[in-house]
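Just so you know, we're using our numbering here: the sequence shown kicks off at 1314 and counts up by one.
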Amino acid sequence: MESGQYLTCVEHPIHPGNLNPRRSQPINLNHYATKKSVAESMLDVALFMSNATRLKAVLEQGPASHYYTALVTLISVSLLLQVVIGILLVVIARLNLNEVGKQGQLNQLNNTATSLVAITIVINVFITAFGVHKTGSLTARTSRNPL
């Protein structure tokens, strides 16, 4: 660059003073909501897998274990709620938030999904409190040698 020449920044015509035209675009709420629903669905799948493993452990221990009926019931209800939440999230992700006529329905579906997630969390707190203790070689080994 020769002396006397200066670089000038071109301002974006929509938002003066904003030098990054990519950031000046308004957020696409539909895209944002879809990404949020997909992320929530992934977490739902992870919890579903965890509960399926817990249910398997409880069933392996059999009816003689403490809280067998309570745990089987709570885990089953949690799994059922997670399936319903997953379906709701798919429906939410497929609807377009930018369509004004669907915003009320989307808001109601989102509130329902959020409420079901809260109920699922409470149920899973109780599942964890009742506990699923894995039986097997580790339990046998530690019962013979307490240290």
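A virtual CB, placed ideally from N, CA and C, is assigned to each residue, including glycine.
Bear in mind that the values here come from a model prediction, so they are computed numbers and not experimental data.
Cβ-Cβ distance between residue 1388 and residue 1364 below 8 Å: yes
Continuous alpha helix (DSSP H) stretch holding residue 1391: start and end: 1381-1407
Assumed close pair residue 1381, residue 1371 - CB separation to whole angstroms, cut-off 8 Å: Indeed they touch by this definition, with Cβ atoms about 7 Å apart.
Three-state secondary structure (DSSP) of residue 1442: helix
Inter-residue Cα distance where the pair is residue 1409 and residue 1422: C-alpha separation (whole angstroms): 13 Å.
Neighbourhood of residue 1354 by C-beta distance below 7 Å, restricted to the same chain and skipping five residues each side: 1399, 1402
Identity of the residue in 1377, 1368, 1396 nearest residue 1385 by Cα: 1368
Residue 1395 beta carbon less than 8 Å from that of residue 1357: yes
Nearest neighbour of residue 1440, chosen from 1407, 1360, 1349 [CA to CA]: 1360
Rounded straight-line distance, which links the Cα of residue 1438 to that of residue 1344: 32 Å
Own chain, CB closer than 8 Å to residue 1436, minus 5 neighbours either side, in chain order: Taking residue 1436 as the centre and dropping the five residues before and after it, the same chain places the C-beta of 1387, 1390, 1391, 1394 closer than 8 Å to its C-beta, in chain order.
Selected residue, minimal CA-CA separation from residue 1444, among 1366, 1349, 1352, 1419: 1366
Collapsed DSSP secondary structure at residue 1372 in the structure displayed: helix
8 Å Cβ cutoff met for residue 1405 and residue 1426: Pairing residue 1405 with residue 1426 gives a Cβ-Cβ distance under 8 Å.
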